Each structure stands twice: as structure tokens, then as C-alpha cells.
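So the protein sequences, as listed, match chains A and B.
Numbering-wise, the numbering used here comes out as the position in the first sequence, counting from 1, plus 50.
Numbering-wise, the numbering used here comes out as the position in the second sequence, counting from 1, plus 2.
By construction, the Cβ of each residue, glycine as well, lies at the ideal position given by its N, Cα and C atoms.
The structure displayed is predicted, hence computed values, not measured ones.
Here's the structure, in C-alpha cells; my notes come after.
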Amino acid sequence: MSEDSKPIVVPNPWDKLRRYTPARIALGRAGTSLPTKAHLEFQLAHARARNAVHHELDVSALETSLKARGLAPLVLHSAATNRPMYLQRPDKGRRLDEPSRQGLVKMAHGEGGYDVVFVIGDGLSSFAIEENAAPFLDAILPSLADQKWRLAPLVIVREARVAVGDEVGELLGASMVVVLIGERPGLSSPDSMGIYMTLEPRVGLTDEARNCISNVRREGLRYDLAAHKLLYLMTEARKRGHSGVHLKDEAETPSSALPTGHKSFLIESS
Amino acid sequence: MRYSQSVGSHSYTFDGLRELMAKASPARSGDYLAGVAAGDDEERVAAQMALADVPLKTFLEDHVVPYESDEVTRLIVDEHDARAFQPVAHLTVGAFRDWLLSDAANEKSLAALAPGLTPEMAAAVSKISRIQDLILIAQKCRVVTKFRNTIGLKGRLSTRLQPNHPTDDPTGIAASIVDGLMYGNGDAVIGINPATDSIAAVTTLIEMLNEVIQRYNIPTQSCVLTHVTTSIEAINRRAPIDLVFQSIAGTEAANNSFGVNLSVLKEGFEAAQSLQRGTVGNNAMYFETGQGSALSANAHHAVDQQTLEARAYAVARKYKPLLVNTVVGFIGPEYLYDGRQIIRAGLEDHFCGKLLGVPMGCDICYTNHAEADQNDMDALLTMLAVAGITFIMGIPGSDDIMLNYQTTSFHDALYARKALGLKPSPEFEDWLLSVGIFEKGDALKLADTLPTSFQRALAHLH
């Protein structure tokens, strides 16, 4: 394309708006279609998100990194034997397979039980776990030690849905379960981790019994902030005797942070 | 009632319309998950053959969800228009498919028939139809609705401009609105899925959209897709709401899981009507649906997901909506596994919606854990555009950064318009030409420069 002829790809004269949103705006156009560059960038983002879904969790690397922190995880498997089954049968991903169940029963704490068990599940993005699980534990575990929480052995579950934590918690006799899990990957966020806390976990609970902290990743919610929120939720759930929709997350954004009265450039008086 | 069908030496029996419909349904993961699908392809075709022989009248007596325990069934049965049904009352499902393909079925006769059809009849005939039938028959249907512009006319394709932002930032949202308008999108609605559902946050967005529409004299309507009860509360507080939104489904129990029932919807409908903010009409509801929602709420009564989806349109049509949108690929692969299943489902939903007289649009979309990609969406977009889809979504670069899924882009809408010679709604088209977004004389040619009014707005930014 020479400088003096009309460009084949027509740029959008509002490209300075790009800095106000992560949305894919001002991509320009070839005719009225997506230019090659923007088209292939999208394809790459989709390929990465697909990889996040289908990439198998590197359990041995995760174990090594956890052991270096003095944690000795148990590695279990859900009843979903492979990824295609996992994707089509969410019910299978919510339960443990038989060997995992038997292994856990042996670990149940006879006297007094555990205050909390942390469960790491691959979920829909192994990248999320590989990137974020260990650094998040670094942010939360010291506070739990200070407050004398009795922790069950750390558990890793492959092909896991959030609710598999209920069965883990129930079999171990833990009073609470915290599940760290790979969230459904977005095109621009393939490595986002979710954290779900449930008091008195048992098989058959639904989402209304849980509290969720979402979008934990380097470009999203910071580990220390997520740990702060989780500690608040854990403490409040224990104090009030319930978790879920009735436990309001008052550690959340204060109402003054809402965009009330904040106008956009489109309607500022000229 | 039992239905049976012999195929060769094998005889299949089906216990009631519910089982017959489920087993006749083209294969999809959600019906396997629910345990209601046919055991194999032969059983499926046997069920389709048996279904083809069922008289349409049977659907008025054999209810897939019991009348006594479900208000959606009661709505369907109690409001059935027997007179409108008359022209096809003597037909079986199979003969009805033939009738729909014949010249007897045209824009006028289909519009007259709509109140005489139940969702189950529409679902049944879709199950024995190929994709080309779903397209050709839907293309004959015309459902026109109005608020500040006219939606659904022949040769028109409208878009919802969906400027979502992960934190509802007004500047970020406005940036996406500019992008969409400059690509000729936004005539169906400018509709935001809010990240925060509080009444204060929702009202802020409603007021902002209202000001943008007024400031630039855009002949379109706004919507913040929040729960109907939140919209009612906002209306009570005098928020300038155009369209009242709600997700709906095909059973009473599934609607309950969304926190609604028919009387709450009626309240929302009446609140929306009372504002009289439309200029050319007063269709003031916006509904979203999608196959699999009843099963995911464990409220499916062992009915297949496509039949339940069609029943949601009976709920929708009661409240004279401006727009109804099947969000086809959002729910995930446990309900629609891959591109093939998503494409078929999108066309079924559009077909059933149009037969029932609903202004049907489609969120042509997929998630990253479904076996689908942009090529599948292009195929579905092209087929739906040929079928006369009322509206599609428009979003920057196909990437919804709030809801984390992919839907059609502003560019995609222009592709469909260009490939098939379709235009936006007439009032919106006039506006695009008058402000200079489209070049005069050619309704599909974008101007190279920004209209003056928008240049001025951008000058506020440094």
C-alpha cells in the first residue's frame, strides 16, 4: 500500500477511544469486513482460549510447586473419565470416582475434624490453576495459620466441577470447603481462576449455598485482595453459621465506587 | 396414549407425546444429559415417522407438561384460538409440514394462523423438518413490531448494539456505542448487560442511554437487561426506561428459578406500557430465551429442550414484545455440544418463534468450551439472514468482554446486509443517512469521516 493512494484498509477515526475500554473497537475495515490483522488476532485469542479448555493440568509441576511450600497434596479424579465426558456431563464432574472416594475416607480426621479443606480443580481452564493457584495460596495461608484454622490436607481433583468440593469436604469431615477452579475462559482472559467457599459441604448442595470470588488472575483481581475477601467470607460464614446467598459480601466494592453521576463524553455538555 | 411405529422387523413404542417428541428431536447433548433422547438414529427416525402421523388436534389434549401443575401449559391451552386453528385443524404433523411448504402458506395465512398454533405443534413440525424447510417456511412469516422504529419488515435486518463493559464504566460503554453506531448497528435496541444489578447502578445506565438517544436523535430504544422486578422498581422511581427485559423459559418451575411468574411478567408489561415512550408503536418488552434453560434449573419435566424452548415463546407473545432473542450457544456444550447442534437449534428457534408470531432474533454465539468457531457462526448467520431473522447482536470484534463469550460483530451485521441486500429499519436507515454515517445514495456504504456531532463529542477527550 503506497502512502499517497487511498488505503485498502480504512482506519476508524475514533481509534483514540481504544484506551477507554478493553473491547475490540476501532478495528478498521476492509470493505465493510474485518481486516486481516484483526481477524487473525481474534483467531489467536480463540486458539488460546481453546487450549486453556483442553490443556491437561500439569499435576506433577503443581505438586512440585506445592511441596516446595510444605504442602503435600492428594491427587484425586472426578467421575468424568475424560474431557469430552467432562464437557457433556457436568453431573460426572461433580462427583469423585470410586478410588478417590475410598482414598479420602481413610484420610477422614477422627477427632474434631478439620475447619477447612482447600480443593484445587482444573475446571474449564488448567492455565488458570497453573498460573494462579500457588501464588493465591501464598496470599491466604499465612493468615489462616495466624488465626489457627485447622487445615485438611490440600486436595487436587482432575476433571473437576465446583460441586466436587462438597463430596471432598463431606468425606473428610471438614466444616468448610474452598474450591480454587479454572473459570470458563474468555477470549481476552483464558487464565481466570474462581474461588468458591461453602460451609458444611455435603453432596447435593447447589450454587445458592456458595460464595464466589471471580476473575482472580494477574490482570484481574489481585491475589492479596482476593485473599482478603475470602478470609472475610470464611470468618463471617463460620460466625453466622451459613454461607451462600444469605451471606452478603460486605468486603466487596464500597457503594461510593459505583459510577453514579459519572457521565460519558457522549453526553457532556458542549 | 401410546404411539408405535414399525420399521422393518422392529416395532418401537413411545409412551405419550412427551416421549415421542423427545425421541423425535434431532440429536443434541442436553437431551442426552436429561436422559430423554432416542437410543439411536433408527429409533429417532421411527419416532419422527410416528410423530408425522399424529393429528395436530392431539396437541390440544395430550399435554407434555400437566395442565394442573404448570401455568405455562394453562396459558397455552386457555388462550388457544380455535378459529385461527381451523385451516389446519384436520392435518397431521406431517401434512402440516407439507402445507407449510405449499403456496397455501403465505405471509397473510401464516399471520392469521399464528394464534391457532401451540408451541408444541410448532416444535413437532420443526423436528421433522430439514434446515432448508426451517429457512423457507420462516422466510414466509412476517412479524412487525414498533417502538421508536419499525422492526421486522421484509428486506430488513436489525441489530442490538451490545456495548457491555466489565465494570459498567460509562466512558467504556460510550466508546463501544460510538463504534457500533458508526458501523450502522443499534436499530433493534442499544442493550447493556449490567455487571452490577443494583437499582442505583442500573438507573445510572438507563439515564445515560436515554441521554445519548435524545442528544443524537437516534430513532432507537434502550434497554438495561436487569431483572423485571428491578425495572419495575426503576419505573416507580421515574427512570426513563424504554424496554423492560426478562429471561423466560417454557415451564412454570423454570420461570420460578428466574424469579418470575406470569403475574410478575404482567406487572412488568403494564409498567412498560404505562410509560408510552415509543413514538411509532408501543411494543415495550424484550425477552431472552435459550434451549436448555429449563433442564439447567432442573425444571424440564422430562420434556426435550427444543419443545420447552418453543413453549417460552408462548409466554413471550402474551406480552407483545418488541424483541425476543434466543441466546443459542451461550449455555454451553452440555446442552448444545458443537457448531452443528448450535446451528440446527438457532434455526429451529427462529422457525418456531416466527410461526408463533414472535419477533424472533438470535444471539448467534458460542463459548470457548463448545466445539464451535467463527466459521460455524458465519454459517448460522448466513442461514438466519436468508430465513429473515428479525435481529442479531452487534458487538465490537465479536468479543463480549463482560459475559466472556463470542457473538456476531458490527462487521458481521454489515456482511449479512451486504451479501443479501438487507437494510436496517427504515427510520434508523434515514438517521444513518442524515447524520452522514452512511453515504447518501447508497444505504450500505459507510462514510470515511466521523459525523460532526460525534466529532464534537470526541473533542472532549484528550
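Spatial neighbours of residue i within its chain, please: CB distance less than 8 Å, with the 5 preceding and 5 following residues excluded, ordered by chain position.
{"i": "A130 of chain A", "result": "Y136, R139, K142, G143 and E209"}
{"i": "V56 of chain B", "result": "Y5, L19, L22, T94, V95 and A126"}
{"i": "E181 of chain A", "result": "D241, M243, R267 and R268"}
{"i": "I130 of chain B", "result": "A26, Q50, L53, A54, V95, G96 and R99"}
{"i": "R346 of chain B", "result": "P28, R30 and I133"}
{"i": "T82 of chain A", "result": "none"}
{"i": "R260 of chain A", "result": "V212, Y246, M247, T248, S293 and G294"}
Quick check on DSSP: helix, strand or coil for residue i?
{"i": "R260 of chain A", "result": "strand"}
{"i": "H167 of chain B", "result": "coil"}
{"i": "Q293 of chain B", "result": "coil"}
{"i": "S27 of chain B", "result": "coil"}
{"i": "H229 of chain B", "result": "coil"}
{"i": "H12 of chain B", "result": "strand"}
{"i": "F186 of chain A", "result": "helix"}
{"i": "P172 of chain B", "result": "helix"}
{"i": "E336 of chain B", "result": "coil"}
{"i": "C367 of chain B", "result": "coil"}
{"i": "I201 of chain B", "result": "helix"}
{"i": "E106 of chain A", "result": "coil"}
{"i": "L271 of chain A", "result": "strand"}
{"i": "G294 of chain A", "result": "coil"}
{"i": "R234 of chain A", "result": "coil"}
{"i": "L102 of chain B", "result": "helix"}
{"i": "G157 of chain B", "result": "coil"}
{"i": "G283 of chain B", "result": "coil"}
{"i": "E286 of chain A", "result": "helix"}
How would you list, in chain order, the residues of chain A whose beta-carbon sits under 9 Å from the beta-carbon of residue i?
{"i": "S2 of chain B", "result": "Lying outside 3 to 464, the shown extent of chain B, residue 2 of chain B is not represented and no answer is given."}
{"i": "L35 of chain B", "result": "Q138, R139, P140 and D141"}
{"i": "I403 of chain B", "result": "T71, P72, A73, R74, G236, L237, S238 and S239"}
{"i": "V214 of chain B", "result": "S314, L316 and I317"}
Listing by chain order, which chain B residues have their CB less than 7 Å from the CB of residue i?
{"i": "E318 of chain A", "result": "H462"}
{"i": "V103 of chain A", "result": "N370 and H371"}
{"i": "P63 of chain A", "result": "T451 and L452"}
Output needed for residue i: all residues of its chain with C-beta closer than 6 Å, excluding positions within five of it in sequence on either side, in chain order.
{"i": "L163 of chain B", "result": "G182, N187, G188, I192 and G396"}
{"i": "V59 of chain A", "result": "G78, A80 and P85"}
{"i": "Q223 of chain B", "result": "F149, R150, V191, D244 and L245"}
{"i": "E441 of chain B", "result": "K447 and A449"}
Excluding the five sequence neighbours on either side, which residues of its own chain have a C-beta within less than 7 Å of the C-beta of residue i, listed in chain order?
{"i": "G18 of chain B", "result": "M3 and D64"}
{"i": "N377 of chain B", "result": "none"}
{"i": "Q197 of chain A", "result": "none"}
{"i": "H339 of chain A", "result": "Here chain A covers residues 51 to 320 and nothing more, so residue 339 of chain A does not appear."}
Out of the options, which has the shortest C-alpha to C-alpha gap to residue i?
{"i": "A183 of chain A", "options": "A:D196, A:E258, A:H104 and A:D274", "result": "A:D274"}
{"i": "S175 of chain A", "options": "A:I263, A:R272, A:P61 and A:I231", "result": "A:I231"}
{"i": "E254 of chain B", "options": "B:L102, B:M123 and B:V266", "result": "B:V266"}
{"i": "K420 of chain B", "options": "B:Y218, B:L383 and B:P453", "result": "B:L383"}
{"i": "A301 of chain B", "options": "B:E290, B:A314 and B:Y407", "result": "B:A314"}
{"i": "A40 of chain B", "options": "B:Y368, B:T173 and B:Y14", "result": "B:Y14"}
{"i": "V125 of chain A", "options": "A:A189, A:R234, A:N265 and A:P149", "result": "A:P149"}
{"i": "Y407 of chain B", "options": "B:Y417, B:T392, B:S436 and B:I366", "result": "B:I366"}
{"i": "P171 of chain A", "options": "A:I190, A:H127, A:G163 and A:M157", "result": "According to the sequence provided, residue 171 of chain A is Gly. The question's Pro does not apply to it. If we check each option's Cα against that of G171 of chain A, A:H127 comes out closest."}
Which bits of chain A does residue i rub up against, with CB to CB less than 7 Å?
{"i": "I344 of chain B", "result": "In chain order: nothing, as chain A lies at least about 14 Å away."}
{"i": "S31 of chain B", "result": "Q138"}
{"i": "P335 of chain B", "result": "L137 and Q138"}
{"i": "P398 of chain B", "result": "A73, R74 and I75"}
Check the Cβ of residue i against every Cβ in chain B and list those closer than 9 Å, keeping chain order.
{"i": "G223 of chain A", "result": "The contacting residues do not exist; G223 of chain A stays about 28 Å from chain B at best."}
{"i": "V60 of chain A", "result": "L448 and D450"}
{"i": "R79 of chain A", "result": "Y185, H413, L416 and L448"}
Name, please, each residue of chain A whose Cβ falls closer than 8 Å to the Cβ of residue i.
{"i": "K129 of chain B", "result": "Within 8 Å Cβ-Cβ: nothing; K129 of chain B doesn't reach chain A, min ~21 Å."}
{"i": "K425 of chain B", "result": "Within chain A, no residue comes near K425 of chain B; the closest Cβ sits about 13 Å away, beyond 8 Å."}
{"i": "A40 of chain B", "result": "Under the 8 Å cutoff, chain A gives no residues; its nearest Cβ is about 16 Å from A40 of chain B."}
{"i": "D181 of chain B", "result": "N62, W64, L67, A73, I75 and A76"}
For residue i, return the contacting residues in chain B, with the cut-off set at a CB-CB distance below 8 Å.
{"i": "F177 of chain A", "result": "By Cβ distance, chain B contributes nothing, its closest Cβ being about 12 Å from F177 of chain A, past 8 Å."}
{"i": "R144 of chain A", "result": "Going along chain B, no residue has its Cβ under 8 Å from R144 of chain A, so there is no contact; the nearest lies around 12 Å."}
{"i": "S83 of chain A", "result": "H413, L416 and Y417"}
Any 3 or more C-beta pairs closer than 8 Å across the segment 201-218 of chain A and the segment 235-242 of chain A: As far as the Cβ criterion goes, the segment 201-218 of chain A does not touch the segment 235-242 of chain A, which means the pair count is below three.
At least three beta-carbon pairs within less than 8 Å, the segment 316-334 of chain B to the segment 259-272 of chain B: Output reads yes: the segment 259-272 of chain B touches the segment 316-334 of chain B.
Contact the segment 31-49 of chain B vs the segment 199-210 of chain B: 3+ CB pairs below 8 Å: no
Contact between the segment 150-159 of chain B and the segment 412-431 of chain B (3+ Cβ pairs under 8 Å): Enough Cβ pairs lie closer than 8 Å, so yes.
Three CB pairs or more closer than 8 Å across the segment 321-340 of chain B and the segment 106-126 of chain B: Segments in contact, no.
The segment 139-151 of chain B / the segment 341-360 of chain B touching (three or more Cβ pairs under 8 Å): The segment 139-151 of chain B is in contact with the segment 341-360 of chain B.
Cβ contact (3+ pairs, closer than 8 Å) linking the segment 63-72 of chain A and the segment 171-179 of chain B: yes
Touching by the beta-carbon criterion (3+ pairs, under 8 Å), the segment 325-340 of chain B and the segment 101-108 of chain B: Touching, no.
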